[in-house]
Amino acid sequence: MSSSQKSSATVTTARHPLRRLFDGCTDCDICRFLMDESCLLFPEMYRLYDEALAQKQSPSLEVLNDLTDRCTLCGLCPCPDVRSNVILAKAMRTRRQGLEPGARVLSDVQTFARLGRKAPRVANALLSLPAVRRLLEKVFQLHAHRRLPPLATEDFFSWAAKEGLSRKGTPPPGTVRIAYFVGCTAAYLFPEVARAVVQVFRAAGAHIEVPPQQCCGMPTVVEGDMPRSLQRITANMSTLLRAVQDGFHVVCSCPTCGYFMRSLLKENACLATGCLETAPQAEPQKRGAAGQPWHEVPKALGSPQSTSGQTYGPSSLADDAFSSLSPSERLQLAQNLWDVGEALGRLRHEYGWHPRWRPLKGRWIYYAPCHQREQNIGTPYFDLLQEIPGLELKRVGSSTDCCGMGGSLGYKKAFHEKSLQLGASLMDKIIKEAPEAIVTDCLSCRLQFQHVLGLSVHHPVEVLARALAAPR
1 MSSSQKSSAT VTTARHPLRR LFDGCTDCDI CRFLMDESCL LFPEMYRLYD
51 EALAQKQSPS LEVLNDLTDR CTLCGLCPCP DVRSNVILAK AMRTRRQGLE
101 PGARVLSDVQ TFARLGRKAP RVANALLSLP AVRRLLEKVF QLHAHRRLPP
151 LATEDFFSWA AKEGLSRKGT PPPGTVRIAY FVGCTAAYLF PEVARAVVQV
201 FRAAGAHIEV PPQQCCGMPT VVEGDMPRSL QRITANMSTL LRAVQDGFHV
251 VCSCPTCGYF MRSLLKENAC LATGCLETAP QAEPQKRGAA GQPWHEVPKA
301 LGSPQSTSGQ TYGPSSLADD AFSSLSPSER LQLAQNLWDV GEALGRLRHE
351 YGWHPRWRPL KGRWIYYAPC HQREQNIGTP YFDLLQEIPG LELKRVGSST
401 DCCGMGGSLG YKKAFHEKSL QLGASLMDKI IKEAPEAIVT DCLSCRLQFQ
451 HVLGLSVHHP VEVLARALAA PR
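Each step along the sequence shown adds one to the number in the UniProt record's numbering, with nothing skipped, and position 17 is 17.
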């Protein structure tokens, strides 16, 4: 690629995040081939670039703006600045144009579920009426083939309050203490998953509590609603880091929440050399009993990672949408958050939990979702499920396969067909296996699999809960 060709694709707005994205990625070209089937953004970007070279005229920002709608923040692309620039571009557009009604509703399950939980049966009955569905399709631009999942008749937070999980307890000395970050989908739509998390941790001998929490912020970030996102992220960091200081270990059963808090928030928290040199050093990577790599976490369950005493000046902050947040707190949260499967695997292999599994029959497949894979935690759920007698379980999906749902984006009329296109390769692989059911950590994937394939879908922790026999 000649410098004259490159300069023809450069305009005076080079500092705009979409221009940085376009110039940086087309100068590299790796993702032209790496992400050609698993991403909607890169094929379109390289098409625009080839067109720009042929016409010797760079695409306008208006044309480039379409790229932001093609990114679901799945995390599969290799460079953090891709996600950073997309998030900035989404935020700039939303700040300029405002949120569409459909985006506001779909990205804020927390608010609308809390309103609906006063009378969930009435809300669900209304949503099932054809006239109401047609109205929603028109007003909120929902796709006619999509059906919004019903609200739970009792959300998880209401159940947890009755169980005393929202009160601080005093477990016996030496007991592992768990602070559970639930996620909106499990809290309001699939509370049986969150209840299974409680059941399994109790069976493992842990003390579990549910601290006050907001939506993780990922759905609103995807829509560019940064004021709402930052407000919720700030509240969660305060609560969860306080739990860490109190000796709790924060766990999360939603891969998207986990990816957002331990990967996306961390990615650009600190980029300058001096900052990286003073950041806490992670211990060497550990492996589970099955030889799978574990994410770098504190060795002792009672020793949280700390970034206190470190200094991060303005020059150390990345130019990202989260730069108003404390980088040290972003790093500390990332280093002290565990995926539920990861935490159970550590308890199983390193801390003396010896479950008695009840046999289960079934020929199922397991799919590790994008946001779980991008946390680099290995396959903790798959390893545990392999211990259950009678269960035939096979992994499906490559390192770049995606279900295509994109969280709430899959419900949009404008994104529905793109969603199916993204997930087509994975769906074909699942159909080829002809499983009786699907196991996956991601409840967004569950909704997509149910919509496209019509199969029964289970969260791995639900399967573990079913397989747990009464302790001796």
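From the three backbone atoms N, C-alpha and C, an ideal C-beta is built for every residue, glycine too.
Applying the 10 Å Cβ sphere with the 16-neighbour rule, what's the burial state of Q335? buried
Residue from R395, S326, I431, Y381 with nearest C-alpha to L464: Y381
Given P211 as reference, the closest of S166, R228, V222 once Cα atoms are compared: S166
In the stretch 328-405, which residue ranges form an unbroken alpha helix (DSSP H) of at least 4 residues, counting only runs that do not cross its ends? Here the runs fully enclosed are 340-350, 370-373, 380-385.
Residue environment, R95, which counts as buried when at least 16 other CB atoms sit within 10 Å: The residue is exposed, with fewer than 16 neighbouring Cβ atoms inside 10 Å.
Just checking my contact of G152 with L189 at CB under 8 Å: how many whole Å lie between their CB atoms? Note that residue 152 is Ala in the sequence shown here, rather than Gly. At roughly 6 Å, the Cβ-Cβ gap stays under 8 Å, so A152 and L189 are in contact.
At what residues does the beta strand (DSSP E) containing H430 begin and finish? The sequence given here has Ile at residue 430, not His. Premise fails: I430 lies in the alpha helix (DSSP H), 416-433, not in any beta strand (DSSP E).
For my contact list, F156 and R195 are in at a C-beta cut-off of 8 Å; report their separation, rounded to the angstrom. Yes, they are in contact, since the Cβ atoms of F156 and R195 sit about 7 Å apart, within 8 Å.
E192 lies in the alpha helix (DSSP H); which residues open and close that run? 191-203
Identify the residues that DSSP records as bridge partners of residue 475: which are they? Nothing about residue 475 can be reported from this structure: the residues present for the chain run from 1 to 472 only.
Cβ shell of G24 (< 7 Å), same chain only, five flanking positions each side left out: D81
Assign L136 to one of two classes, buried (16 or more other C-beta atoms within 10 Å of its C-beta) or exposed (fewer than that). Around the beta-carbon of L136, 16 or more other beta-carbon atoms lie within 10 Å, marking it buried.
Cβ-Cβ distance between F181 and C252 below 8 Å: yes
Distance between K418 and D36 (C-alpha atoms, nearest Å): 14 Å
Rounded straight-line distance, which links the Cα of L88 to that of T10: Any reading at T10 is ruled out, since the residue's pLDDT is 39, under 50, leaving its predicted position unreliable.
Between I30 and S328, what straight-line distance do the alpha-carbon atoms span, to the nearest angstrom? Cα to Cα, the separation comes out at about 32 Å.
By how many angstroms is the C-alpha of E387 removed from the C-alpha of R356? Approximately 10 Å, taken between the alpha carbons.
Using 8 Å for Cβ pairs, my map puts I365 next to D339. What's the rounded Cβ distance? About 20 Å separates the two Cβ atoms, so there is no contact after all.
Proximity below 8 Å, CB of C216 to CB of F260: yes
Going by the CB atoms, is the gap between L67 and M45 shorter than 8 Å? Yes; because the gap between Cβ atoms is below 8 Å, this pair is in contact.
Does the beta-carbon of R20 have 16 or more other beta-carbons within 10 angstroms, so that it is buried, or is it exposed? R20 comes out buried.
Which first and last residues belong to the beta strand (DSSP E) in which I438 is found? 437-440
Can you tell me which of T256, E209, D383 puts its alpha carbon nearest to the alpha carbon of T170? Selection T256, E209, D383 evaluated against T170 yields E209 as nearest (Cα-Cα).
Cα separation between A206 and S425? 40 Å
Tell me which residue opens and which closes the alpha helix (DSSP H) that C445 is part of. 443-452
Tell me whether the stretch 48-62 and the stretch 432-448 touch, counting them as touching only if at least three CB pairs, one residue from each stretch, are closer than 8 Å. With a cut-off of 8 Å, the stretch 432-448 and the stretch 48-62 do not count as touching, because too few Cβ pairs lie within range.
Check whether the Cβ atoms of G174 and R93 lie closer than 8 Å to each other. no
Do M405 and Q448 have their beta-carbon atoms positioned less than 8 Å apart in this structure? Yes, these two residues count as a Cβ contact at 8 Å.
Is it the case that the Cβ atoms of T234 and L325 are separated by a distance below 8 Å? yes
Residue burial classification, A469 (beta-carbon count within 10 angstroms, cutoff 16): Under this definition A469 is an exposed residue.
Helix, strand or coil: how does DSSP classify S456 here? strand
According to DSSP, what are the bridge partners of H249? I178
Distance, Cα to Cα, N124 vs A54? 53 Å
Go to G102, then tell me how far its alpha helix (DSSP H) extends in each direction, as first and last residue. Per DSSP, G102 belongs to the alpha helix (DSSP H) from 101-106.
What residues match up with L48 in a beta bridge as DSSP calls it? Partner(s): none; L48 has no beta bridge.
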